[in-house]
Amino acid sequence: KTRARDAALNAIQSPLLDIGIERATGIVWNITGGSDLTLYEVNAAAEVIYDLVDPSANLIFGAVIDPSLSGQ
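As numbered in the UniProt record's numbering, residues 1 to 72 make up the sequence shown, in order.
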C-alpha cells in the first residue's frame with residue numbers, strides 16, 4: 001500500500017504551502033488513518049518528509065488511529 005506515502009507527497013505539493021519544505025528548519029506533522037494503518041505506511045510517509053528537509057531540521061510527528069477512517 002502506498003496511500004500514506006501518496007498522502008505525504010500530496011501534502012508537500014499543496015499550493016497552500018508558501019514555501020517548499022526543503023528550507024524548513026522545523027516541521028510538526030501528523031498522520032491519521034484507520035485501524036488498518038500500518039507502521040510500514042507511517043514510516044513510508046515519514047521518509048517522504050525526512051528525505052526532503054535539511055538534515056538538521058527539527059521534526060516532530062505523530063500517528064493517530066481513527067477507526068472511522070478504515071480503508072481510506
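From the three backbone atoms N, C-alpha and C, an ideal C-beta is built for every residue, glycine too. The model shown is predicted, which means the values in this text are computed figures rather than measured ones.
Inset, instruction - Measure from the alpha carbon of N43 to the alpha carbon of each residue in N10, I31, L52, V53, then state which is nearest. - result: If you number the sequence shown from 1, residue 43 lands on position 43. Minimum Cα distance to N43 is reached at I31.
Legend entry - Of the listed residues S70, S56, V48, T38, nearest to A7 (C-alpha basis): Here residue 7 is taken as the residue at index 7 of the sequence shown, counted from 1. Selected option, being the one with the closest Cα: V48.
Inset, instruction - Compute the Euclidean distance between the alpha carbons of S68 and S35, then round it to the nearest angstrom. - result: The residue labelled residue 68 in the question sits at position 68 within the sequence shown. The residue labelled residue 35 in the question sits at position 35 within the sequence shown. Those two C-alpha atoms are separated by around 8 Å.
Inset, instruction - Return the CA-CA distance between G62 and W29, expressed in angstroms with no decimal places. - result: Translated into the one-based positions of the sequence shown, residue 62 becomes position 62. Translated into the one-based positions of the sequence shown, residue 29 becomes position 29. Taking the straight line from one Cα to the other gives about 7 Å.
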